[in-house]
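The structure under discussion appears below in the form of structure tokens.
2 protein chains.
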Amino acid sequence: MSFLKCDKCGSNYSLEEDLMLCRNCNYPLMIQYDLDRIHEDFDFKRLSGRVRSIWRYFEFLPRIEDKFIVSLMEGLTPILDSNRIIDLFGLRGLKFKLEYLNPTGSLKDRGSTLLISWVNKLGVKSIADDSSGNAGISLSAYSAKAGINCTIYVPEHTPIDKIIQAISYGAKVVRVSGGRTETSKEIMSLWKMGKLYYASHNMSPFFLDGFKTFAYEVIEQLNGDLPDHIIFPTGGGSLFLGAYRGFMEAKAIGWINDIPKLHIVQPEACNPIVKAFERRLSYVEPIVEGETIAGGLRISNPPRGESILKALYDCKGFAVSVSEGEIVDGYIKLAKEGIFAEPTSATVIPALKRLLDLNVICKDEKVLLPITGFGLKDVKTAVKIFHGESQIK
Amino acid sequence: MSFLKCDKCGSNYSLEEDLMLCRNCNYPLMIQYDLDRIHEDFDFKRLSGRVRSIWRYFEFLPRIEDKFIVSLMEGLTPILDSNRIIDLFGLRGLKFKLEYLNPTGSLKDRGSTLLISWVNKLGVKSIADDSSGNAGISLSAYSAKAGINCTIYVPEHTPIDKIIQAISYGAKVVRVSGGRTETSKEIMSLWKMGKLYYASHNMSPFFLDGFKTFAYEVIEQLNGDLPDHIIFPTGGGSLFLGAYRGFMEAKAIGWINDIPKLHIVQPEACNPIVKAFERRLSYVEPIVEGETIAGGLRISNPPRGESILKALYDCKGFAVSVSEGEIVDGYIKLAKEGIFAEPTSATVIPALKRLLDLNVICKDEKVLLPITGFGLKDVKTAVKIFHGESQIK
Numbered sequence: 049m050s051f052l053k054c055d056k057c058g059s060n061y062s063l064e065e066d067l068m069l070c071r072n073c074n075y076p077l078m079i080q081y082d083l084d085r086i087h088e089d090f091d092f093k094r095l096s097g098r099v100r101s102i103w104r105y106f107e108f109l110p111r112i113e114d115k116f117i118v119s120l121m122e123g124l125t126p127i128l129d130s131n132r133i134i135d136l137f138g139l140r141g142l143k144f145k146l147e148y149l150n151p152t153g154s155l156k157d158r159g160s161t162l163l164i165s166w167v168n169k170l171g172v173k174s175i176a177d178d179s180s181g182n183a184g185i186s187l188s189a190y191s192a193k194a195g196i197n198c199t200i201y202v203p204e205h206t207p208i209d210k211i212i213q214a215i216s217y218g219a220k221v222v223r224v225s226g227g228r229t230e231t232s233k234e235i236m237s238l239w240k241m242g243k244l245y246y247a248s249h250n251m252s253p254f255f256l257d258g259f260k261t262f263a264y265e266v267i268e269q270l271n272g273d274l275p276d277h278i279i280f281p282t283g284g285g286s287l288f289l290g291a292y293r294g295f296m297e298a299k300a301i302g303w304i305n306d307i308p309k310l311h312i313v314q315p316e317a318c319n320p321i322v323k324a325f326e327r328r329l330s331y332v333e334p335i336v337e338g339e340t341i342a343g344g345l346r347i348s349n350p351p352r353g354e355s356i357l358k359a360l361y362d363c364k365g366f367a368v369s370v371s372e373g374e375i376v377d378g379y380i381k382l383a384k385e386g387i388f389a390e391p392t393s394a395t396v397i398p399a400l401k402r403l404l405d406l407n408v409i410c411k412d413e414k415v416l417l418p419i420t421g422f423g424l425k426d427v428k429t430a431v432k433i434f435h436g437e438s439q440i441k
Numbered sequence: 049m050s051f052l053k054c055d056k057c058g059s060n061y062s063l064e065e066d067l068m069l070c071r072n073c074n075y076p077l078m079i080q081y082d083l084d085r086i087h088e089d090f091d092f093k094r095l096s097g098r099v100r101s102i103w104r105y106f107e108f109l110p111r112i113e114d115k116f117i118v119s120l121m122e123g124l125t126p127i128l129d130s131n132r133i134i135d136l137f138g139l140r141g142l143k144f145k146l147e148y149l150n151p152t153g154s155l156k157d158r159g160s161t162l163l164i165s166w167v168n169k170l171g172v173k174s175i176a177d178d179s180s181g182n183a184g185i186s187l188s189a190y191s192a193k194a195g196i197n198c199t200i201y202v203p204e205h206t207p208i209d210k211i212i213q214a215i216s217y218g219a220k221v222v223r224v225s226g227g228r229t230e231t232s233k234e235i236m237s238l239w240k241m242g243k244l245y246y247a248s249h250n251m252s253p254f255f256l257d258g259f260k261t262f263a264y265e266v267i268e269q270l271n272g273d274l275p276d277h278i279i280f281p282t283g284g285g286s287l288f289l290g291a292y293r294g295f296m297e298a299k300a301i302g303w304i305n306d307i308p309k310l311h312i313v314q315p316e317a318c319n320p321i322v323k324a325f326e327r328r329l330s331y332v333e334p335i336v337e338g339e340t341i342a343g344g345l346r347i348s349n350p351p352r353g354e355s356i357l358k359a360l361y362d363c364k365g366f367a368v369s370v371s372e373g374e375i376v377d378g379y380i381k382l383a384k385e386g387i388f389a390e391p392t393s394a395t396v397i398p399a400l401k402r403l404l405d406l407n408v409i410c411k412d413e414k415v416l417l418p419i420t421g422f423g424l425k426d427v428k429t430a431v432k433i434f435h436g437e438s439q440i441k
């Protein structure tokens with residue numbers, strides 16, 4: 049049986065308690081699975097005929113009956129060989145996993161399908177989250193599919209372009225006076241008063257575990273010919289931590305022999321994990337964030353900081369910062385390879401360069417880069433960057 | 049051996065002549081395949097281990113060596129079960145094929161991978177097309193991947209938002225004084241003077257045949273349990289005609305026994321095919337188009353009109369028009385199902401309603417609707433439609 053576990057103090061709770069934070073130490077919980085049962089039940093040779101969504105890996109996910117599952121056919125995103133950046137950097141193997149080709153245009157759908165299916169099973173009729181980005185959009189779409197009311201709290205001055213997709217799906221958007229901090233405080237306070245069901249993309253153990261499927265797909269799609277390195281743009285760390293957990297479980301049950309080195313990239317303007325990594329700390333100190341084009345990574349105090357660092361040290365990963373100029377350069381390089389990505393996703397290109405310079409990655413090793421969000425999510429940035437260099441007559 | 053054939057006068061040409069229009073009658077050519085050879089070579093049971101792009105169906109495509117193939121891992125788009133519109137209409141089976149989850153956000157990538165691979169094989173270094181929409185964007189991305197120069201001709205007043213994605217990929221965008229007609233005239237005249245390689249998404253036989261793979265995927269993904277009806281938003285008719293050709297070939301080689309009924313939807317503001325269908329004509333008369341929110345369907349004189357009508361009559365399909373109000377309504381209904389589509393894609397919803405009312409489709413039959421483009425392609429329309437009905441405090 050799977051159960052909820054605190055990665056910090058070790059407390060256990062049953063799944064049915066539906067807790068998000070540890071009662072003892074307030075740290076976000078994780079789901080602990082019965083690996084022996086997965087080992088018995090799961091046979092990767094039987095995968096091929098299964099449903100073409102992350103639910104094909106159901107043995108690794110919390111047990112949710114089919115009738116409650118809310119899916120938009122997320123996952124099984126393509127893996128694409130590089131032919132331009134690979135030459136530029138002189139690499140032997142470079143692939144992209146096109147996470148932006150999930151149903152709402154970002155990686156977050158992996159988390160949403162799991163979290164919304166879970167609340168659907170519980171019979172919850174309304175949820176709320178604080179996100180002016182991809183997570184709020186994704187939760188809105190899955191709520192629409194499920195017929196669940198969804199309210200998204202955003203900072204007062206969030207541009208309509210950023211939230212119109214969520215509104216289209218039918219979400220109610222509430223603008224909170226102030227910035228991100230005030231928005232989080234507002235939803236936390238309403239949650240603690242019992243006024244809403246907080247489906248937090250940064251703290252829910254269910255949202256987190258949707259990202260485990262990133263690892264299973266890499267294993268399945270590459271027929272076990274794993275990359276040596278994967279670099280993750282990291283804010284709250286769902287994808288990094290989810291993938292780590294997925295690879296570790298796959299190793300534990302003998303599906304793979306070893307896991308890739310998993311690295312983290314953050315923008316210089318908001319790099320609390322990199323700072324902690326450089327000092328070899330076991331916890332993340334909150335920072336005061338600056339402005340960055342990589343909007344998806346503006347998390348100044350990642351709630352699962354300690355788990356992220358533990359995973360990073362365990363898999364011998366590195367954490368590096370990249371400058372705004374480098375991100376723009378990566379954004380352009382990706383587009384010239386035929387990949388129109390969000391600036392947040394483009395951080396992986398300068399990070400790859402950095403890790404090559406540091407000899408953390410060698411040129412004869414194989415690298416995989418997730419492309420987490422679609423460039424169409426942020427057309428204003430595209431216009432700002434590319435209009436200047438365009439050749440309109 | 050495959051060769052080029054005129055669907056109008058029957059003239060034949062070798063593929064290597066690289067003709068787009070028939071020398072005899074100026075009608076756009078099609079590729080004719082050796083069905084006996086496909087029948088011998090192709091075994092659908094061997095599909096599962098193949099590359100996860102449209103190139104898994106290489107037996108049905110022109111022979112292009114691997115080293116020339118330019119792919120962004122297009123195709124194998126998810127098929128999603130409806131759970132809300134299906135109830136609304138009281139249908140037994142309703143599925144969507146999420147064509148907007150192709151690499152550039154639209155169905156056009158199926159055509160681009162084939163056309164750009166072909167010109168890459170020919171050694172062409174620069175191409176041009178006239179498109180201010182998805183086709184121009186898609187050709188730009190595949191040209192970038194191939195290292196081919198791409199120039200897109202657009203009407204003078206095309207908003208930057210519509211073409212920024214093409215510019216991002218590195219396309220040169222040329223604004224032509226006047227509207228669509230003047231733009232087409234300009235590129236045709238430059239082409240006829242030999243000043244450019246015209247990679248026309250509306251006339252190239254290679255672009256067209258990329259869309260055959262839509263049919264093969266439907267067959268493979270549904271394990272042969274085919275829908276009874278498919279409704280295609282139709283402008284130039286690539287998807288409709290490509291899918292028809294794909295299904296017919298699959299039937300000819302015995303992969304399937306019968307093909308679905310393929311229907312066409314156009315906006316009332318631009319419905320030359322519907323008008324011809326209603327009069328049972330064998331050719332399409334050009335019309336003067338009006339304004340429509342379904343921008344992808346503003347083709348007043350589809351170059352392959354006669355082939356489209358022939359296919360439509362052959363498979364017992366219908367062609368229906370829908371009003372602007374109905375398109376908006378379909379757009380909202382799709383979003384409330386978790387699908388944020390381009391307005392062009394939303395035409396299929398009122399068309400389904402119309403075909404049910406006409407008893408062309410019965411409630412106990414199975415329907416498949418392609419969702420051709422991502423809603424993010426046209427954020428302005430989303431803001432216009434949804435901002436009013438949003439609940440921002």
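Heads up: the protein sequence lines correspond to chains A and B, in order. The working numbering applies: residue 49 is where the first sequence begins, and numbers increase by one. The working numbering applies: residue 49 is where the second sequence begins, and numbers increase by one. Don't be surprised by glycine CBs; every beta carbon is placed ideally from N, CA and C.
Partners in chain A for residue i, counting only beta-carbon separations shorter than 8 Å
i, result
"B/M121", "P126, I127, L128, L146"
"B/V238", "According to the sequence displayed, residue 238 of chain B carries Leu and not Val. None at all; the shortest Cβ gap to chain A is about 13 Å."
"B/K193", "N131, R132, E385, G386"
"B/R228", "Under the 8 Å cutoff, chain A gives no residues; its nearest Cβ is about 18 Å from B/R228."
Opening and closing residue of the beta strand (DSSP E) in which residue i lies
i, result
"B/S62", "60-62"
"A/P418", "414-418"
"B/D129", "127-129"
Chain A contact for residue i (CB, 8 Å cutoff)
i, result
"B/N131", "yes"
"B/R140", "no"
"B/V427", "yes"
"B/Y201", "no"
Per-residue contacts from residue i into chain B (C-beta, under 9 Å)
i, result
"A/L179", "One point to set straight first is that residue 179 of chain A is Ser, not Leu, in the sequence displayed. Residues of chain B passing the Cβ test: none, with the nearest at roughly 15 Å."
"A/S174", "Result: empty, since nearest Cβ-Cβ is about 13 Å, beyond 9 Å."
"A/R100", "L124, P126, I127, Q269"
"A/S96", "S96, G97"
"A/L170", "Result: empty, since nearest Cβ-Cβ is about 19 Å, beyond 9 Å."
Min CB distance residue i to chain B below 8 Å
i, result
"A/L163", "no"
"A/Q213", "yes"
"A/D55", "no"
"A/Q439", "Model confidence at A/Q439 stands at a pLDDT of 48, short of 50, so the residue's coordinates are unreliable; what they give is reported in the following sentence. Chain B contact via Cβ: present."
"A/G423", "yes"
"A/D209", "yes"
"A/S393", "no"
"A/Y217", "yes"
Contacts of residue i in chain A (Cβ-Cβ under 9 Å)
i, result
"B/T152", "G386, F388"
"B/Y105", "Chain A residues near B/Y105: none, gap ~16 Å exceeds 9 Å."
Distance CB(residue i)-CB(residue j) smaller than 8 Å
i, j, result
"B/V313", "B/V370", "yes"
"B/L310", "B/Y331", "no"
"B/L120", "B/I79", "no"
"B/I409", "B/H277", "yes"
"B/S180", "B/V202", "yes"
Minimum Cβ-Cβ distance from residue i to chain D less than 8 Å
i, result
"A/H435", "Protein chains in the displayed structure are A and B, and chain D is not among them."
Residue i, enclosing alpha helix (DSSP H) - first and last residue
i, result
"A/P253", "253-258"
"B/D157", "157-170"
"A/D178", "Unbroken run through A/D178 is the beta strand (DSSP E), 174-178; no alpha helix (DSSP H)."
"A/H277", "Premise fails: A/H277 lies in the beta strand (DSSP E), 277-281, not in any alpha helix (DSSP H)."
Proximity winner among the options, relative to residue i (alpha-carbon distances)
i, options, result
"B/Y148", "A/L146, A/P151, A/E147", "A/P151"
"A/G184", "A/N168, A/G195, A/K169, A/K210", "A/K210"
"B/V415", "B/D55, B/F108, B/S50, B/L128", "B/L128"
"A/S225", "A/S174, A/H205, A/R352", "A/H205"
"B/E107", "B/L124, B/I86, B/S96", "B/I86"
"A/G290", "A/H277, A/Y264, A/I301, A/D273", "A/Y264"
"B/S232", "B/F144, B/L403, B/I347, B/R104", "B/I347"
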